[in-house]
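Under my numbering, the sequence shown has 75 at position 71, and the numbering climbs by one with no breaks. Built from N, CA and C at the ideal position, the CB exists for glycine as well. Report on the structure given below.
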Amino acid sequence: MKVVDLEQRTPEWLQWRQEGVSATSCAVIMGHNLDKTPLELWKELVGLTTPPDLSVVPQVRRGQKFEPLALQMFEEKYGQLGLPICAESQEHPFIRASFDGLLGEGAPVEI
Numbered sequence: 005m006k007v008v009d010l011e012q013r014t015p016e017w018l019q020w021r022q023e024g025v026s027a028t029s030c031a032v033i034m035g036h037n038l039d040k041t042p043l044e045l046w047k048e049l050v051g052l053t054t055p056p057d058l059s060v061v062p063q064v065r066r067g068q069k070f071e072p073l074a075l076q077m078f079e080e081k082y083g084q085l086g087l088p089i090c091a092e093s094q095e096h097p098f099i100r101a102s103f104d105g106l107l108g109e110g111a112p113v114e115i
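Below is the structure:
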């Protein structure tokens, strides 16, 4: 895993996510996402359609609002937690993930 120096939820981060396959895309690719088909994802990845703006979805907004509190509670229960990071595969750099945090031993945390 190679850490990528990006701040999450910035325009640069959104572009980086759109130029690869993110961890979020895995459920779609595997056919386990009820809201999007693999074909719809492919159209987004190649630029035929624009991804929907998820920032208006109430569940997404609530998750973003309470993420800092959830990370704080995780930290209190399990120990040190690093800052949110972005990373990509060294072997396949188009495979990407934005982690909510990183434990001391390098294990990612997803809230």
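- A straight-line Cα-Cα distance of about 39 angstroms links glutamate 79 and threonine 53.
- Closest in alpha carbon position to phenylalanine 70, among Ile115, Gly24 and Pro55, is Ile115.
- For lysine 69, the uninterrupted alpha helix (DSSP H) segment begins and ends at 62-82.
- A residue is called buried once 16 or more other Cβ atoms fall within 10 Å of its Cβ, and arginine 13, having fewer, is exposed.
- For the pair leucine 43 and leucine 107, the Cα-to-Cα distance works out to about 35 angstroms.
- In the DSSP annotation of this structure, the continuous segment of the alpha helix (DSSP H) that includes lysine 47 starts and ends at 42-49.
- In this structure, glutamine 94 sits away from lysine 40, with a CB-CB distance that is not shorter than 8 angstroms.
- Secondary structure note for glutamate 92: its beta strand (DSSP E) is the uninterrupted segment 89-92.
- Leaving aside the five residues that flank glutamate 11 on each side, the residues in its chain whose CB is nearer than 8 angstroms to its CB run, in chain order, Trp17.
- Cβ neighbours of leucine 85 within its own chain (closer than 7 angstroms, five residues either side excluded): Leu75, Phe78, Glu79, Gly105, Leu107 and Val113.
- Leucine 49 sits away from valine 32, with the two beta carbons spaced by 8 angstroms or more.
- DSSP places arginine 21 in the uninterrupted alpha helix (DSSP H) bounded by 15-22.
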